[in-house]
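Residue numbers (the numbering used here), protein chains in the order written: chain Z, 7 to 371; chain R, 7 to 371; chain Y, 7 to 371; chain P, 7 to 371.
Protein chains: 4
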Amino acid sequence: MVGGGQGAFIGAVHRIASRIDDRFELVAGALSSTAEKAAASAKELGIAPDRSYADFREMAKAEAAREDGIEAVSIVTPNHMHADPAIAFLEAGIHVICDKPLTVSMEEAERVRAAVEASSAKFVLTHNYTGYPLIRQARQMIERGDLGTIRVIQARYAQDWLAEAPEEDNKQAAWRTDPKRAGGGGAIGDIGTHALNLATFVTGLEPEALLADLESFVPGRAVDDNAHILLRMKGGAKGMLWASQVAVGKENGLTLGVFGDKGGIEWDQENPNYLTFTRFGEPRQIITRGGAGLGGGAGDWTRVPPGHPEGYLEGFANVYTDAADLIRGKGDGALLPGIDAGLEGMWFIEACIESSRNGGTWVKR
Amino acid sequence: MVGGGQGAFIGAVHRIASRIDDRFELVAGALSSTAEKAAASAKELGIAPDRSYADFREMAKAEAAREDGIEAVSIVTPNHMHADPAIAFLEAGIHVICDKPLTVSMEEAERVRAAVEASSAKFVLTHNYTGYPLIRQARQMIERGDLGTIRVIQARYAQDWLAEAPEEDNKQAAWRTDPKRAGGGGAIGDIGTHALNLATFVTGLEPEALLADLESFVPGRAVDDNAHILLRMKGGAKGMLWASQVAVGKENGLTLGVFGDKGGIEWDQENPNYLTFTRFGEPRQIITRGGAGLGGGAGDWTRVPPGHPEGYLEGFANVYTDAADLIRGKGDGALLPGIDAGLEGMWFIEACIESSRNGGTWVKR
Amino acid sequence: MVGGGQGAFIGAVHRIASRIDDRFELVAGALSSTAEKAAASAKELGIAPDRSYADFREMAKAEAAREDGIEAVSIVTPNHMHADPAIAFLEAGIHVICDKPLTVSMEEAERVRAAVEASSAKFVLTHNYTGYPLIRQARQMIERGDLGTIRVIQARYAQDWLAEAPEEDNKQAAWRTDPKRAGGGGAIGDIGTHALNLATFVTGLEPEALLADLESFVPGRAVDDNAHILLRMKGGAKGMLWASQVAVGKENGLTLGVFGDKGGIEWDQENPNYLTFTRFGEPRQIITRGGAGLGGGAGDWTRVPPGHPEGYLEGFANVYTDAADLIRGKGDGALLPGIDAGLEGMWFIEACIESSRNGGTWVKR
Amino acid sequence: MVGGGQGAFIGAVHRIASRIDDRFELVAGALSSTAEKAAASAKELGIAPDRSYADFREMAKAEAAREDGIEAVSIVTPNHMHADPAIAFLEAGIHVICDKPLTVSMEEAERVRAAVEASSAKFVLTHNYTGYPLIRQARQMIERGDLGTIRVIQARYAQDWLAEAPEEDNKQAAWRTDPKRAGGGGAIGDIGTHALNLATFVTGLEPEALLADLESFVPGRAVDDNAHILLRMKGGAKGMLWASQVAVGKENGLTLGVFGDKGGIEWDQENPNYLTFTRFGEPRQIITRGGAGLGGGAGDWTRVPPGHPEGYLEGFANVYTDAADLIRGKGDGALLPGIDAGLEGMWFIEACIESSRNGGTWVKR
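1. Give me the DSSP bridge partner(s) of E272(R).
2. Alpha carbon to alpha carbon, how far is R63(P) from I333(P)? Give it in angstroms, no decimals.
3. To which residues does DSSP link L247(R) through a beta bridge?
4. Determine the burial state of P225(R): buried for a count of at least 16 other Cβ atoms within 10 Å of its Cβ, exposed for fewer.
5. Quick check on the DSSP output: the beta strand (DSSP E) that includes D346(R) runs from which residue to which?
6. Starting from G398(R), follow its DSSP beta bridges and name the residues at the other end.
7. Starting from the C-beta of P139(R), find all residues in its chain whose C-beta is less than 6 Å away, skip the five residues before and the five after it, and write them out in chain order.
8. In terms of residue numbering, what span does the beta strand (DSSP E) encompassing V369(Z) cover?
9. Output needed for G337(P): all residues of its chain with C-beta closer than 8 Å, excluding positions within five of it in sequence on either side, in chain order.
10. Touching or not, the region 197-206 of chain Y and the region 344-358 of chain Y, by the rule of three or more beta carbon pairs under 8 Å?
11. Can you tell me whether L182(Z) is buried or exposed, with buried defined as 16 or more other CB within 10 angstroms of its CB?
12. Assuming R117(R) is part of the alpha helix (DSSP H), what are its boundary residues?
13. Please list the segments of the alpha helix (DSSP H) lying wholly inside the region 298-350 of chain R, counting only runs of 4 or more residues, in order along the chain.
14. Can you give me the C-alpha to C-alpha distance between W273(R) and R142(R), rounded to a whole angstrom?
15. Can you give me the C-alpha to C-alpha distance between K43(Z) and Q12(Z), rounded to a whole angstrom?
16. Counting only beta-carbon atoms, is I26(Z) nearer than 8 Å to chain P?
17. Out of curiosity, what's the CA-to-CA distance linking N85(Z) and D28(Z)?
18. Under the DSSP definition of a beta bridge, which residues are partnered with F129(P)?
19. I want to see whether chain Z comes within less than 8 Å of G191(P), judged by CB atoms only; does it?
20. Mind checking which residues open and close the beta strand (DSSP E) that includes L216(P)?
21. Mapping the DSSP letters down to three states, classify I76(R) as helix, strand or coil.
22. So, for R285(Z): in the same chain, excluding its five sequence neighbours on each side, which residues have a beta-carbon less than 7 Å away from its beta-carbon?
23. Whose C-alpha, out of K244(Y), A193(Y) and G17(Y), is nearest the C-alpha of F223(Y)?
24. At the level of alpha carbons, what is the spacing between G10(Z) and I345(Z)?
25. Check whether the region 118-129 of chain P touches the region 308-322 of chain P, counting contact only when three or more Cβ pairs, one atom from each stretch, lie closer than 8 Å.
26. Report the option in L247(P), K240(P), G241(P) and P185(P) whose CA atom is closest to the CA atom of N232(P).
27. Could you give the distance in angstroms between the alpha-carbon of G52(Z) and the alpha-carbon of D196(P)?
28. Determine which residues of the region 293-310 of chain P have a Cβ less than 7 Å from any Cβ of chain Z, and write them out in chain order.
29. So, for E114(Z): in the same chain, excluding its five sequence neighbours on each side, which residues have a beta-carbon less than 7 Å away from its beta-carbon?
30. Taking the alpha helix (DSSP H) that R21(Y) belongs to, which residues open and close that run?
31. With 16 as the cutoff for other CB atoms within 10 Å, does D175(Z) come out buried or exposed?
32. Buried or exposed: K240(R), going by 16 or more other Cβ atoms within 10 Å of its Cβ?
33. With a threshold of 6 Å on Cβ separation, who are the neighbours of A169(Z) within its own chain once the five nearest residues in sequence on each side are excluded?
34. When Cβ atoms are compared, which residues of the region 130-151 of chain Z fall closer than 8 Å to chain Y?
35. Counting only Cβ-Cβ distances shorter than 8 Å, please list the residues of the region 247-259 of chain R near chain Z, keeping chain order.
36. Distance, Cα to Cα, D56(Z) vs E50(Z)?
Structure representation (structure tokens):
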């Protein structure tokens, strides 16, 4: 693991997610760029001192050289520290599981892409919401035509935790609102990319053009905290995407609606064990995770019977477990977001910024 | 009543709405442009034969001349038949309660405005969703600052009844998808105007500019059936508005979210007796119509205790009852949509069409 | 109308309900037992002075004698004033629409039954919740076997308005907690009878025995404010019924669940435009009022398209409109609660009291 | 681990739950009473062959003798195989984490109690629903008086998976409907005990008496599949408890409502990240897991920020993590169900059976 030392948030999430299905063991880490903190964090997590590194390059090199070196690394640092470690491990032939967004710039993203292409190692980007069983089932349903031709996509990711300028010592808020560490995007990078990825993952459609109206509502904020985005997808579907960190009353309101000429679905991340599905002219159905009727699909990625809720960590674990399968040569990783999803996200961030700077104009891909 | 004869939909709604609080009596009508149908409809509704007219102009003249002539007229015809009757009755000094949208063109709308200004009679536009008690309470709450400065508006009006080309004999669908009778707007006129009106009514903010991406998804349709709209409001708030008649699974999905720097609200027309309200940093509250806590406001426009649901017809009745008060000189009609709301709606329709024709560009008001 | 003068609650509800479909006109009344108040109330409601009576017996006699006398009377007095007026009007050959519960004792109830049997006039008991379109549809669905053999009934009617001793001047609370005016039952009579009636109306099953554990939680209260009841239905189904006026957080929480060997339904009065329906082994469906699929039934008793919510008043209006049909000889009134429902309700109240007095034992019907 | 071999359900759940917070390692097991299956299961789970036992007694003895022997054992066998292993490990001084219900008879239960009292080892019963963060917070809220004096408890646990006679080869259904392996209770033992435990855990109240009306709706079933239960709690609160395995449309519908003289709460296991809380006379609040306002409590037992749902496995993991703390001498285990909860559950099962056999009479504790 690179990053994820004391005080970090997403590192702990990755560790639980990797552990749930017992497919990974944490044996080495460069958990912090501060040597002392790296060592202390490693000790807490039961990593042997000789496999706790102060520097990710050293770790890539040393682990690649060991007989019992790590097979895969998780990169859970702030955005500006994704590209270099990813490239270092890919070059060392170690599989990379990297947090999103891919990088802080398209230029960096292209460098990672080149490294992925040159390496024998796999690259997985943890767009974890794709791991929710009913999201995967929705993708299946659309693939097999249950919704007909897709016409409209409605995606939202609304939070309120940045509705006011955060306390000075809020580490999570600090780097996310700092363009140097987060990249030029605020809400669009941190959560907008998730919403876009969810939409493209489920529908199988790619964006053709977008138009964005970004805003920084909180005085003094250097990045956007609210984004209104129109999408035009290849093939003719249209979309709306709202990403906000200032929507008071919203905790982690990631929702997706997809509407085709034969059917429609709606899903809400805060209550992810239900999928609303309507065939045109029939009553609305509530599909459950592995439940009756259309429930087959989701049941493939679930651990407990329907009615026993699974959540964020189990969805995240599905990404890790699929990554383990991919590394072990089992399955084709078709459901795993990788470098393409990363590049799409980087295009999204940069196109949003460009569009908004021009007063809200269309930007083609 | 003008329009609302046999086979009509909204006329019957107006009649119930006007009757609920026992403030109106239906005594005269030009219920159809077909004389026979007008007479037959009048008979069914208990209108005396001598007060059933085949022509609205004749009706305006005759009723204005009678000692016991009508005090107010409801105009419930398709959109292209709003302007002329409205002007005729206003000129005859008879109060006008007119269905929305105001007219089929800004030019017609201006003629109505001139007639309103020249007349001693009142003009009410039945943007009936403003009559929902909790919508009025939301307006009060925003007015008194419960949400702080408004930042974001999210409005949706999604239906699916036009997801396929309707049967030939669907009278309601026929005129709504015919530009001659509905005006150039499809979804934007029929439901988009309601969503915009709801947003401006509740927030007290006016649109400064909009950008629209309209689409006619159903082959052969002459007007839009799906609209993605970005809004910029005077004062700096931003909005998104989705109007759709092809969103499979949606029946009458009119929802509103308003987010300020101190609080946020959400409301859903399909379950209108609840309002979600969050003060930043406090738990979400479920406000009920006349219920505990902040419930005072809505209780002023309600007939039964909280927990006993009121619906669409009662909301509509509130507009009628307020109109009766206004006519009787009681109250200032501050909550009643009138000619200004009508003109705003016409601007909205025309600006959407212009924006979309230009490929999706900003149109200022 | 008998009762329903100034300060009354349910009288106004009856008046709106009777007006919504324009099938009744209010022309006479004995609106209060206080002559002055009766006259003032009548004036407010537009009743001619000569048809405002201070006494219901006088009204029955006078109206029966008039050529243009009333055809039907609504009795909306407190419970202890139901029997005598009902009998007086039935004897005068005037149809009776009476609020529930039927009376304050089985002895009175039997007197009303005798009067109904002896009279040519019709008798309707306003168990208004049976008027909700989806409740009627649920009954149809069960009748035609969609749920199979019914096994379990779960009925709840939970409120909180009597969670504390009410203010002295709360007229509604005062008579409802006074055994002389309400009868021996508190929650069981006021709301428990509604829950039982809803269950028997929807399932078509009759109670065979019950067991009740009644409680008066609020100090000094003379009647029950919380009731836990077990039901055994003829044919083998079992039920639970909870009626409470002290369930903090509940406004008018009347819910019904019915479960058979082939399917199950759930319904909530506070959001009555949806019915959850599951066929065993299939996904849950959300049936809407007149909506797609199974929605046919409810559409027969509805005024606006699905997605436009109807509520308490429209459900109540359905009972009045059916009563008008019955009086006019149209339809067989099969959906109208009448004297049998009234007697069943009285048995319920008395059996609950008996069971609870005996420490919670089974009482057969 | 004892039990939990191939084809078992709850064993895998225990393994994930124990792993989530990285506090346990699985190193030994008697995973099946069939030697071959035990060995194969152990291999699959990475247990060394010399620590895979065919017999739990042998395992208790051998592990107690090892320097690196297990500190704790999880017993995840069918109910009739709880008592003997629990006693064997307790006698060997090894901590026991045992699935519920405690045993199949009170006599067995008392034997376990004696072993717990005689042993230095700890005993934890996995009434896992007590691990849900908001359930623990609800307990805190009631303890500190937020609801005032508790008056009414409404508990339900409704499923539909046994609505028909299950397929022959459904291992989970087979033992649960076999009195020899499940004990005399069907629904009451498998899920009713959970509902009771949840109610007593949250309120801190103990049952004083109960009355049960049990039914086996599915032909040929030897145990109850639907239970209607009335509760009287020490101190005067009253309760209703419904447990059903034949409620078509219900997956794992465990819900709890608690109503006091100052406030009320409601919670639903299928969407466990929300708690509805109402103070009398104030609007309903939606409390989230670690969210704003009253959210403090639940945040202590949660891994991700509010809005990121946690579910069944995380709740279960909280029980395991607390057990680890207890074993390590950290904390007092006050939130952990133990032998007392087990005995209460056994009384519940036996009292239900006795009450129902007597036709539905009160049984005191």
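C-beta atoms are modelled at their ideal positions from N, C-alpha and C, and glycine is treated no differently.
Taking the coordinates as given:
1. In the DSSP output, where bridge partners are listed per residue, E272(R) has G263(R) and T282(R).
2. When rounded, the distance between both Cα atoms is 22 Å.
3. Under DSSP, L247(R) forms a beta bridge with A161(R) and I235(R).
4. With fewer than 16 other Cβ atoms inside 10 Å of its own Cβ, P225(R) counts as exposed.
5. Where D346(R) is concerned, there is no enclosing beta strand (DSSP E), although the alpha helix (DSSP H) it sits in stretches over I345 to R363.
6. Residue 398(R) lies beyond the stretch modelled for chain R, which goes from 7 to 371, so this question has no answer here.
7. Excluding positions up to five away in sequence, the list reads R295, A304, W307 and T308.
8. Note, V369(Z): beta strand (DSSP E), W368 to K370.
9. Cβ neighbours of G337(P) beyond the five flanking positions: D328 and D331.
10. Contact holds: three or more Cβ-Cβ distances are below 8 Å.
11. According to the sequence provided, residue 182(Z) is Arg. The question's Leu does not apply to it. Answer is buried; the Cβ neighbour count reaches 16.
12. In this chain, the alpha helix (DSSP H) harbouring R117(R) covers M112 to A124.
13. Within the region 298-350 of chain R, the complete alpha helix (DSSP H) runs of at least 4 residues are 302-305 and 318-333.
14. Counting only the Cα atoms, R142(R) lies some 12 Å from W273(R).
15. CA-to-CA, the gap between K43(Z) and Q12(Z) works out to about 7 Å.
16. Interface residue, yes.
17. Distance between the alpha carbons of N85(Z) and D28(Z) is about 28 Å.
18. In the DSSP assignment, F129(P) is bridged to V102(P).
19. Answer no: the Cβ-Cβ gap between G191(P) and chain Z never drops below 8 Å.
20. According to the DSSP assignment, L216(P) belongs to the beta strand (DSSP E) that extends over P213 to E221.
21. In the three-state scheme derived from DSSP, where H, G and I count as helix and E and B as strand, I76(R) is classed as coil.
22. In the same chain as R285(Z), and ignoring 5 residues on each side of it, the C-beta atoms closer than 7 Å to its own belong to K268 and G269, in chain order.
23. If we check each option's Cα against that of F223(Y), A193(Y) comes out closest.
24. Cα-Cα distance, rounded: 22 Å.
25. No: the two stretches stay apart, fewer than three of their Cβ pairs being nearer than 8 Å.
26. Answer by Cα proximity: L247(P).
27. When rounded, the distance between both Cα atoms is 39 Å.
28. Per Cβ criterion, the list reads T294, G297, R309 and V310.
29. Only A89 meet the Cβ criterion.
30. Note, R21(Y): alpha helix (DSSP H), I16 to I26.
31. Exposed: under 16 other Cβ atoms inside 10 Å.
32. By the 10 Å Cβ count, K240(R) comes out exposed.
33. For A169(Z), the CB contacts under 6 Å within the same chain, skipping 5 residues up- and downstream, are V252 and V254 in chain order.
34. Result list empty, no residue passes.
35. Interface annotation for the region 247-259 of chain R against chain Z: W248, S250, V252, A253, V254, G255 and K256, criterion Cβ-Cβ distance under 8 Å.
36. Whole-angstrom Cα-Cα distance: 14 Å.
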